[in-house]
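Let me begin by presenting the structure, written as structure tokens, before commenting on it.
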Amino acid sequence: SQQVIRKHTIMSTEHVVTTNTAKDGPCSGDIGNLPLPPPTHKLNSRGETIVLGIEGSANKVGVGVLRYDPETHTYETLSNPRKTYIAPTGCGFLPKETAWHHQAHIVAVVRAALEEAFLSSSPQQRRVKPEKELSAICFTKGPGMGAPLQSCGVAARTLALMWDIPLVAVNHCVGHIEMGRVACGASNPVVLYVSGGNTQVIAYSNQRYRIFGETIDIAIGNCLDRFARVIGLSNDPSPGYNIEQEAKSPGPKQFLELPYVVKGMDVSFSGILTHVEQLAKNALKQGKITKADLCYSLQETLFAMLVEITERAMAHCGQTQVLIVGGVGCNKRLQQMMADMVKERNGELCAMDHRYCIDNGAMIAQAGIFSLQHGITTDLKDTSCIQRFRTDQVQAVWRAPIAWKHT
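Quick note on our numbering: the sequence shown kicks off at 4 and runs consecutively.
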């Protein structure tokens, strides 16, 4: 019954981590953005801008608190807890159950983020009311799953009304990009955005993140998730991580030739998924191949396709930096293959680990604070969520209106 499902959804997850979710220290704001105009938003007593970001577009609900220090011109993540809905093995996460999960945990995650950011240091700081320190509430407007997005949107609106501070709507994809740019110090990279719902190669031009290539059917993360379900891999901590571990398990592996589908700058993964599903149902059951063979071959093929279209975008735009963002971006094999390509072009790879590749609240805070600092807030009537919200629909007003140099 729905009540049983809901009870399982709420009770089957562990306690929210409340400390040490932000250990990296300040990051320089000198990444090629436009100079900051005089602030039109509320500052705290020290002249700092602090925002809270809420992310909940898929199976993770995260809240991040981010501070901008005008004296050092740095951005620092003060806290970044998150909670993941993990579906049973063999199942994916559905919008209704995921929304129930987010609704059950959002208050605890917000409290954990605020306590870590403001209440866990000196006795003097414990007397500070967090809502008096915050300049805005940033939240994911889209893209993503409708019900989880709406659940977190309601939480963001509630906090903004309760504390009388403005809202800033953020595009999920742009949040990934801006988090990566700040964390890696990447001023103007070609971006490979790979996640459960998106696969895009992106380059910046004239205040837009232009999509050079993308999947024409399913996202790479969705391909990996569905394949993991076929061969019985766990969803804990994630299907993609367990595929990666299986692919690099000890012992010899057989490389299986799979469809390689690159169409211009676009890629297709649905045919590859069908092919490996058939191999799993036949050759794997017959003992002719192993799970490790399938995982290894699938990773090598998918990642080679992504490296190819990323290299083509680098050549077209004359760029030397590549930034990998999104949940699949923390795969070490993908990073290694991309690093080999970038090295041959005398370039630089910018990559992160699971703390910032996987969906998190700090990335929403990062994109949101850029908007806020350039005078952009979102009226309450415009805070509805959008399931389809493309990366190139956002005007990046914090970046200079320059175009790439074609080579």
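For every residue, glycine included, the Cβ atom is placed at its ideal position computed from N, Cα and C.
{"query": "Would you report the Cα separation of ASP269 and LEU122, rounded to the nearest angstrom?", "result": "48 angstroms"}
{"query": "For PRO38, tell me which candidate among THR386, GLY378, THR394 has the shortest Cα-Cα distance.", "result": "GLY378"}
{"query": "Determine the closest residue to GLY59 out of PRO42, ARG70, THR24, GLY364, with distance taken between C-alpha atoms.", "result": "GLY364"}
{"query": "Could you pull the DSSP bridge partners for ASP356 from this structure?", "result": "According to DSSP, ASP356 bridges with nothing at all."}
{"query": "Can the beta-carbon of GLU351 be found closer than 8 angstroms to that of THR313?", "result": "no"}
{"query": "Hey, CYS298 and GLU260: beta-carbon distance below 8 angstroms or not?", "result": "no"}
{"query": "Determine the DSSP secondary structure at ILE219, reduced to helix, strand or coil.", "result": "coil"}
{"query": "Would TYR71 and ALA186 be called neighbours here (beta carbons separated by less than 8 angstroms)?", "result": "no"}
{"query": "Please report the straight-line C-alpha distance between LYS384 and ALA115, rounded to a whole angstrom.", "result": "29 angstroms"}
{"query": "Which residues in the same chain as ARG9 place their Cβ atom closer than 7 angstroms to its Cβ, once the five residues preceding and following it in sequence are excluded?", "result": "Confidence in ARG9 is poor, its pLDDT being 41 and thus under 50, which makes the residue's placement unreliable; the coordinate value appears in the next sentence. The answer, listed in chain order, is TRP103."}
{"query": "Going by C-alpha to C-alpha distance, which of THR24, PHE230, SER208 sits closest to PRO404?", "result": "SER208"}
{"query": "Is the beta carbon of LEU137 sitting closer than 8 angstroms to the one on LEU55?", "result": "yes"}
{"query": "Does the distance from the CB of ASN191 to the CB of GLY145 come in under 8 angstroms?", "result": "no"}
{"query": "If you count every other CB in all the chains shown that lies within 10 Å of the CB of GLY28, and 16 or more means buried, which is it?", "result": "exposed"}
{"query": "Would you list, in sequence order, the uninterrupted alpha helix (DSSP H) runs of no fewer than 4 residues that lie entirely inside the stretch 250-305?", "result": "273-282"}
{"query": "How about MET182 and MET366: are their beta carbons less than 8 angstroms apart?", "result": "yes"}
{"query": "Have a look at THR218, ALA318, GLY200 and flag the residue whose alpha-carbon is nearest the alpha-carbon of ASP228.", "result": "GLY200"}
{"query": "Using only the alpha-carbon positions, how far apart do SER82 and ILE109 sit?", "result": "15 angstroms"}
{"query": "Rounded to whole angstroms, how far is the Cβ of TYR78 from the Cβ of GLN376, which I believe are closer than 8 angstroms?", "result": "Actually they do not touch by this definition, with Cβ atoms about 10 angstroms apart."}
{"query": "Looking at the structure shown, is THR313 part of a helix, part of a strand, or coil, going by DSSP?", "result": "helix"}
{"query": "Tell me which residues share the same chain as SER15 and place their Cβ nearer than 6 angstroms to its Cβ, disregarding the 5 neighbours each side in the sequence.", "result": "With a pLDDT of 38 at SER15, under the threshold of 50, the modelled position of that residue is not reliable, and the figure given next carries that caveat. Here the set comprises nothing."}
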